[in-house]
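The working numbering numbers the first residue of the sequence shown as 13 and each following residue consecutively.
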Amino acid sequence: MSEKLSGEESLCQDVESLSVSKRLVRSVSQKLKRKNHRGEGEEDDDTRAVSLSCLTLYGRGGGCKVGAETGEEFVDYGGRRRSTSEETKVYAAICGKEETAVDCFAYGMKEKFWRRNNRRILQLKAAPHDSMNVFLPDDILEMCLLRLPLTSLMNARLVCKKWRSLTSTIRFMHMRREGLYQSPWLFLFGVVKDGYCSGVIHALDVSLNQWHKIDAAILKGRFLFSVTSVQDDVFVVGGCSSLTNFGKVDRSSFKTHKGVLVFSPLTKSWRKAASMKYARSSPILGVFEVGPDCLIRTQQNRYERRFYRSRVGGVSDVYEDPHRLSVRRQFRHSVDGNDVLTTHSKQHKLSGQKGENTCKDHKRYVVIAVGGLGSWDEPLDSGELYDFVSNKWTEIPRLPVDFGVACSGVVCSGIFYVYSETDKLVGYDVERGYWVRIQTTPSPPRVHEYYPKLISCGGRLFMLSVSWCEGEGQIGRRNKAVRKLWELDLMYFSWREVSVHPDAPMDWNAAFVADKSLIFGLEMFKIFGQVLDFVTMFDMSDTRTSWSHISRNHVAHELDAASCMTKSMAVLHL
């Protein structure tokens, strides 16, 4: 009997403890309900993903049965499945009335679950002004990105993969090239820092007057190469590299390259093009725009000849051809302006591919390289043409016998004009495949220590040369020599003075390039132990204007004086 009484007493104590727990839970739940009722007027609980009124006390074992109805995202993935008998059983409450409105989660859990399930709706409500970008169609987004400056376009590519892929397609590049949203960029190559060819490219955004640095590890150790722009790319042709002191500008032991690299500033990528047939340093480059059915003439090397070196400071009476080691010479008759110089040649049709490359609406380009210095530092008179489609170089007829060393060249109105150190001018017709001697009267006077620079701007041929001052009014020691801009009349072949450059000609290897109606010049020189640089611009569309400075001493202050000799410049409309 005593054991039965003790069991009943313990049972009563358990029931009393249950009743206390029930009262405690009821008071807590009422407080939570009062707090939750404040936000019930805004949204109904039925629209939320979770139902949380689930706590009920049952008498089986004095336990707590929690049943939470969840949405599709909160399905119970536990492997246990209830039996049908367990689902149909109804448990009666031990004491008092069954409470069905007890909230089984702590305060704030409802909001957390709802916010997690409706995160997108909250974002749209929080930032309604940004909701347009989420659903912006691709064609409208593409038109917006087309109008960005190049620097902003590069930053936009870092936003997401979609924007990067959208702005890297050929269609996007073509639309941007044909549009009016581009501005000129100057790219400076071949700079030397701390005695080494750093390989860093300095780019100037002319519209914003901002310099940018582009790392080009592929150009480290390479110097005396030539560059030219073709649409949105820059071709790096030839050059030298030291064999004993790699990376330094060392001409005592060097290797001359015949490789060609192509740099795309829009994608910051490099690729290799076909190598030239002959190694060259500082070749004279030009770019032709030809039709898909253009026929070019390539030279059959039946005749070889000597080349008379006319470079100032070292004249050679007899010089063997470096390519064939031949001393045979082909004499060519000197003719006047409309006569031509021809060699035994054959016709060669530019390779074409079926499809978009053979369409007449598409532009085709050919790069020409002549002259330069060979593997033994000898002047070259040979030339080559590069076809973009076939990715091959083909030889063209050589320069005239007594032409001299080529120092500058440019393509103007379908003719490749080349100027020599002996003040002679010839032109090459790529479609007919021969050189034309051009007799100009009079030749512009110049100081021979400064190389002249040919420039093509708006279908007009110009030359920049340094000459001594003439006439009265030229006062001061700095004004004894000036750099003048001359224009050649392509009908009467006569030169006329156009403008005088405002700066004293301190750089004997100044770089000049043209873009549409603008002429850009870069001069670098060392004075008082410091390297200075000046970037100037001349607008040919407005003859009333003069040269203007667009940048001063932003690049050269950290470069070596050797950069004045090794630099080269290209201009792109990006």
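Glycine is no exception: its CB is placed at the ideal position from the N, C-alpha and C atoms.
Distance CB(residue i)-CB(residue j) smaller than 9 Å
i, j, result
"L427", "V448", "Residue identity differs from the one stated: residue 427 is Ile in this sequence, not Leu. Yes, the Cβ-Cβ distance between I427 and V448 is below 9 Å."
"L216", "W223", "yes"
"K579", "L534", "yes"
"S387", "E407", "no"
"S563", "S529", "no"
"L500", "L473", "yes"
"L178", "L157", "yes"
"G233", "A291", "no"
"L385", "V442", "no"
"V203", "L571", "yes"
"I380", "V494", "no"
"E509", "W498", "yes"
"V422", "S241", "no"
"F235", "V218", "no"
"V417", "G383", "yes"
"P514", "V478", "no"
Three-state class that DSSP yields for residue i in the structure shown
i, result
"S177", "helix"
"C424", "strand"
"D150", "helix"
"M581", "strand"
"R472", "strand"
"L160", "coil"
"W559", "coil"
"L297", "strand"
"E390", "coil"
"A285", "strand"
"S210", "coil"
"H566", "coil"
"H224", "strand"
"R183", "helix"
"C576", "helix"
"D333", "Unreliable positioning characterises D333 in this predicted model, as indicated by a pLDDT of 42, which lies under 50. The coordinate reading is nonetheless provided below. Note: D333 maps to coil in three-state DSSP."
"F237", "coil"
Alpha-carbon to alpha-carbon, residue j and residue i
i, j, result
"S506", "P454", "7 Å"
"D435", "N167", "48 Å"
"F400", "D389", "29 Å"
"T548", "R188", "27 Å"
"F415", "V583", "29 Å"
"R263", "S468", "32 Å"
"S180", "V430", "37 Å"
"E316", "S265", "Because E316 sits at a pLDDT of 41, beneath the cut-off of 50, its placement in the model cannot be relied upon, and the following sentence gives the value as read from the coordinates. Those two C-alpha atoms are separated by around 28 Å."
"S287", "E461", "32 Å"
"R127", "P161", "40 Å"
"C419", "K289", "21 Å"
"S195", "V459", "35 Å"
"N403", "V302", "16 Å"
"P391", "A574", "22 Å"
"M581", "L297", "12 Å"
"H561", "K538", "19 Å"
"S293", "S238", "8 Å"
"K267", "T557", "45 Å"
"I213", "S164", "19 Å"
"K122", "Q42", "16 Å"
"V567", "L192", "29 Å"
"I182", "L278", "11 Å"
"S281", "F275", "6 Å"
"L466", "C252", "24 Å"
"H585", "N129", "49 Å"
With 16 other Cβ atoms within 10 Å as the buried cut-off, status of residue i
i, result
"D545", "buried"
"D245", "buried"
"P457", "exposed"
"C172", "exposed"
"L198", "buried"
"S210", "buried"
"Y504", "exposed"
Residue i beta carbon near the ligand HEM (any heavy atom closer than 8 Å)
i, result
"E570", "With respect to the ligand HEM, the structure shown offers nothing to examine, as it has no ligands at all."
For this session: Only counting runs of 3 or more residues, tell me where the beta strand (DSSP E) segments fall wholly within the stretch 482-555, in order along the chain.
Result: 493-500, 507-512, 523-527, 530-539 and 542-551
Problem set entry | Minimum length 3: unbroken beta strand (DSSP E) runs contained in the stretch 242-272 | 245-249, 252-254 and 266-268
Problem set entry | Complete runs of the beta strand (DSSP E) confined to the stretch 427-451 [at least 3 residues] | 427-432, 437-441 and 446-450
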